[in-house]
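S.K.: Would you mind keeping the following structure in view while I ask a few things?
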Amino acid sequence: MKKDEKLQLTKDKLVDAAFELMEKAEDPMAVTSREIAARADVKPAMINYCFGSRENLIYNAFQKQYLSFLKDKEVEKVINSDLPPDQVLKRLHYVVADCLVKNHTFTKAITGFVLFKRDLGQESFSFNYVKKAFKGRKTDAECKLIAYELSTMMQLIIYRKDDIKRDFGIDLDDEEQLRHYIDMRVDLLLGL
């Protein structure tokens, strides 16, 4: 087996182990690097070697789950539709929000990484739709920032969904209320 193939196999084992352990844990943040490495049958140092940090590994484990969730939601139909950009943004963000709500333990585990450590240079799936919605009235940098604000605020609100329900009466576990929240955020950031 080539070195690259072996490294990819190790990464896959770590991602799968992290997901399995965190899915079963009452507090996913309590799952240790040692537990993940033991489940993957690799040395704990491989986490940092392959992912740079435990948090990045956890983020990758969530991303794998998230991508399979998106396939189930027929996102391709939305992306390839003739809908206006603001409607595409709303529908795509609803799918993401629904995934974050349904996988709330992972949401809690990855929010710190997403908000404070994720590479801001990574292009957001929202960027192109935000750019299309503004039709040249905003710079690329402004559109990227708006896309970032949209996704990070959604992440934070869902992270605190229990507090949002208690203090504001918005139940993000309810599909209709979640859709309303997403519509409101997109409209607010696009100035609609």
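Counted from 1, the sequence shown has number 146 at position 146 by our numbering; the numbering is strictly sequential.
In this text, a Cβ means the ideal position worked out from N, Cα and C, and glycines have one as well.
Bear in mind the structure is a predicted one, so any value in this text is a computation, not a measurement.
In this structure, how does DSSP classify residue 121 when only helix, strand and coil are distinguished?
M.R.: Residue 121: coil per DSSP, three-state reduction.
S.K.: Based on Cα-Cα distance, which residue from 87, 98 and 42 lies nearest to residue 12?
M.R.: Measuring from the Cα of residue 12, the nearest candidate turns out to be 42.
S.K.: Could you compute how far the alpha carbon of residue 124 sits from the alpha carbon of residue 188?
M.R.: Distance between the alpha carbons of residue 124 and residue 188 is about 18 Å.
S.K.: Check residue 41 in the structure and name its three-state DSSP category.
M.R.: Of the three classes helix, strand and coil, the one that applies to residue 41 here is coil, per DSSP.
S.K.: Contact between the region 109-123 and the region 74-85 is defined here as three or more beta-carbon pairs at a separation below 8 Å; is this criterion met?
M.R.: At 8 Å Cβ cutoff, the stretches do not touch.
S.K.: For residue 177, tell me which candidate among 50, 141, 97 and 108 has the shortest Cα-Cα distance.
M.R.: Selected option, being the one with the closest Cα: 97.
S.K.: Going by Cα to Cα distance, which pick from 27, 118, 158 and 56 is closest to residue 148?
M.R.: Ranking the options by Cα distance to residue 148, first place goes to 118.
S.K.: Taking the continuous alpha helix (DSSP H) assigned at residue 128, which residues delimit it?
M.R.: First-last of the alpha helix (DSSP H) with residue 128: 127-134.
S.K.: What's the gap between the Cα of residue 34 and the Cα of residue 141?
M.R.: So the two alpha carbons sit approximately 40 Å from each other.
S.K.: Quick one: give me the first and last residue of the alpha helix (DSSP H) that residue 183 is part of.
M.R.: First-last of the alpha helix (DSSP H) with residue 183: 175-190.
S.K.: Taking the alpha-carbon positions, what's the residue 164 to residue 1 distance?
M.R.: For residue 164 and residue 1, the distance between alpha carbons rounds to 51 Å.
S.K.: Classify residue 185 as buried or exposed, calling it buried when 16 or more other Cβ atoms lie within 10 Å of its own Cβ.
M.R.: Classification of residue 185: buried, given that the 10 Å Cβ count is 16 or more.
S.K.: Can you find the residues in the same chain that come closer than 8 Å, C-beta to C-beta, to residue 101, ignoring five residues on each side of it along the sequence?
M.R.: Answer for residue 101: 107, 158, 161, 172, 173 and 178, listed in chain order.
S.K.: At the level of alpha carbons, what is the spacing between residue 156 and residue 143?
M.R.: Going by the C-alpha atoms only, they are around 20 Å apart.
S.K.: Considering only the alpha carbon of each residue, which of 145, 3, 109 and 30 lies closest to residue 121?
M.R.: Residue 121 has its Cα closest to that of 145, out of 145, 3, 109 and 30.
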